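Chemist: Would you mind keeping the following structure in view while I ask a few things?
Residue numbers (the working numbering): 654 to 791.
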């Protein structure tokens, strides 16, 4: 089974098996398969996802505020999120960035991806966050 981009979906057992096998033998050492998901995440440097239709929705929203936050993942890494509140007071995600640690470089990658998606068309932006030291490095 393939999705829109031709990338195997997570329900494709053969694709999952291929990913698990490559995660287990990338350095030539055999590993047990008891917790393959954790081992697969340790091979990922960073993944950024921007939701372009919601970026366009934000550009039409009167409020210029973007909320930035990070959350811990259960097995490994952190998920950095960029959100906004729409006119109906619903929190909408516009981008996320999965990474190993919450660093200024990772926030820079997240914000750069947002700017490339069209956020730089806004005349001014306000960023609201919990005051993480990593955000102050950006």
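Glycine residues also receive a C-beta, built at the ideal position from the N, C-alpha and C atoms. The structure displayed is predicted, hence computed values, not measured ones.
Could you give the distance in angstroms between the alpha-carbon of residue 702 and the alpha-carbon of residue 733?
Modeler: 10 Å
Chemist: Straight-line CA distance for residue 730 to residue 741?
Modeler: 32 Å
Chemist: Sort 735, 709 and 755 by Cα distance to residue 721 and report the nearest one.
Modeler: 735
Chemist: Output the distance between the C-alpha atoms of residue 711 and residue 744, rounded to the nearest integer angstrom.
Modeler: 11 Å
Chemist: Where does residue 760 fall in DSSP's three states?
Modeler: helix
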